[in-house]
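Data block below; observations after.
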Amino acid sequence: MLDSVTGLLNKISQAQLRAEAVPAAATALDFLQAVYKNEAIPLSVRMRAAIEALPFETPKLSATAFVPAGGDFGERLEKAIARSREAPRLIEHGSFVGDA
1 MLDSVTGLLN KISQAQLRAE AVPAAATALD FLQAVYKNEA IPLSVRMRAA IEALPFETPK
61 LSATAFVPAG GDFGERLEKA IARSREAPRL IEHGSFVGDA
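Here the working numbering is used: position 87 in the sequence shown is 87, and no number is missing along the way.
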């Protein structure tokens, strides 16, 4: 009985040492990844580490507009809206409807 308890405590100590073993030169992201990949750490802690690491592992998609120097974005937008309201052009079987 005492041997089984001692063995179990040794396993717990070894798991804890593995959980705390992050290289000194590791970045904050490396540390977070080590935490959320370690199954010896409680799930709530691992999930929090994964949430914090997510923005640095997966880039966010965003749209940007390029406006040439001296251009007015509002004016260019109004012109684009006006062009889009002109006669609609539908594509049917590889040709434009309304083409001559």
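Glycine is no exception: its CB is placed at the ideal position from the N, C-alpha and C atoms.
Specify the secondary structure class of Ala-26 as computed by DSSP and reduced to three states.
Against the sequence shown, residue 26 aligns to sequence position 26. It is coil, neither helix nor strand.
Between the Cα of Glu-57 and the Cα atoms of Leu-43, Gly-74, Ala-49, which residue gives the shortest distance?
Translated into positions along the sequence shown, residue 57 becomes position 57. Comparing Cα-Cα distances from Glu-57 to each of Leu-43, Gly-74, Ala-49, the minimum goes to Ala-49.
List the endpoints of the continuous alpha helix (DSSP H) containing Pro-55.
Translated into the one-based positions of the sequence shown, residue 55 becomes position 55. From DSSP, the alpha helix (DSSP H) with Pro-55 extends over 43-57.
Between Gln-33 and Ala-53, how many whole angstroms is the CB-CB distance? I'm expecting something under 8 angstroms.
Residue mapping note: residue 33 aligns to position 33 of the sequence shown, counting from 1. Residue mapping note: residue 53 aligns to position 53 of the sequence shown, counting from 1. 6 angstroms between Cβ atoms; contact.
When the Cα atoms are used, what is the spatial distance from Ala-40 to Leu-61?
Within the sequence shown, residue 40 is the residue found at index 40, counting from 1. Within the sequence shown, residue 61 is the residue found at index 61, counting from 1. Computed Cα separation, rounded: 34 angstroms.
Please return the same chain residues whose Cβ sits closer than 6 angstroms to the Cβ of Val-22, not counting the five positions on each side in sequence.
By one-based count along the sequence shown, residue 22 stands at place 22. Closer than 6 angstroms at Cβ, skipping near neighbours: Phe-31, Ala-34.
If you run the structure through DSSP and keep just helix, strand and coil, what is Asp-3?
As a first step, residue 3 must be located in the sequence shown, where it is residue number 3. Helix at Asp-3.
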